[in-house]
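Chemist: Next up is a structure, given as structure tokens.
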Amino acid sequence: MAATYRLEWIDNGPPAVFWLSGFYFTQSFLTGVSQNFARKHTIPIDYIGFQFQVLKQESSMDEKPEDGAYVRGLFLEGARWDRERMVIAESLPKILFDPLPIIWLRPGQSADFLHENVYECPVYKTSARRGTLSTTGHSTNYVLPIELPSDRPQKHWINRGVACLCQLDD
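Those letters in the sequence shown? Residues 34 to 203, per the working numbering, in order.
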């Protein structure tokens, strides 16, 4: 599947929505998105961070965003995405994973971000939730934290062990 995705990218140019799980080194993609924004707006890359907007669209978009990137392919473990209220919510009975809709990685100056009413959700490549530091200084499993809108305090979701995964075990 990843090979087909990359061939389509080569033949047709970058997609409107990137399959985050398809990247071997996800951090390099995220750095590239940050660099594009920093260069476009002449802001030092050290000041750049991401805001995260979960969209209603599940798998495709007609156009690319002006800044940042649309990504798909994440699964919530220990919670679900409430598609009506657009917040993280309790899991439904007997459902372990909930696929997230498309997320817009919106780069901007980190100092301008509010960080209110969100759960800072860790994203891992696999369900192992552990890894080793690679020679680049990045974890081999941890990707980044994403802020998901929440009507409950962070501690509520931390106690439930809520995380996002790029791929499932089965």
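Where is the CB? At the ideal position from N, CA and C, for every residue including glycine.
How many angstroms separate the CA atom of G106 from the CA atom of L177?
Modeler: 14 angstroms
Chemist: Three-state secondary structure (DSSP) at S172?
Modeler: strand
Chemist: Which of the three DSSP states, helix, strand or coil, is assigned to P86?
Modeler: Rather than Pro, the amino acid found at residue 86 in this sequence is Gln. Reduced to three states, the DSSP call for Q86 is strand.
Chemist: In its own chain, which residues sit with a C-beta less than 8 angstroms from the C-beta of G194, not counting the 5 before and 5 after it?
Modeler: E110 and G111
Chemist: Can you confirm whether the region 178-186 touches the region 149-157 when touching is taken to mean that 3 or more C-beta pairs between the two stretches lie within less than 8 angstroms?
Modeler: yes
Chemist: Mark D131 as exposed unless 16 or more other C-beta atoms lie within 10 angstroms of its C-beta, in which case mark it buried.
Modeler: Buried, by the Cβ-count rule.
Chemist: Label T59 either buried or exposed according to how many other C-beta atoms from any shown protein chain fall within 10 Å of its C-beta, with 16 as the threshold for buried.
Modeler: buried
Chemist: Whole beta strand (DSSP E) runs in the region 117-144 with 3 or more residues, listed along the chain?
Modeler: 120-122, 130-132 and 136-142
Chemist: At a cut of 8 angstroms, does the region 128-147 reach the region 76-84 through at least three beta carbon pairs?
Modeler: A contact exists between the region 128-147 and the region 76-84.
Chemist: Using 10 angstroms around the beta-carbon of L138, count the other beta-carbons present and answer buried if the total reaches 16, otherwise exposed.
Modeler: L138 should be labelled buried.
Chemist: From L40 to P48, what distance separates their C-alpha atoms?
Modeler: 11 angstroms
Chemist: Decide if I121 is buried, meaning its Cβ has at least 16 other Cβ atoms within 10 Å, or exposed.
Modeler: buried
Chemist: For the alpha helix (DSSP H) that R72 lies in, which residues bound it at each end?
Modeler: T59 to H74
Chemist: In whole angstroms, what separates the C-alpha of M119 from that of K73?
Modeler: 30 angstroms
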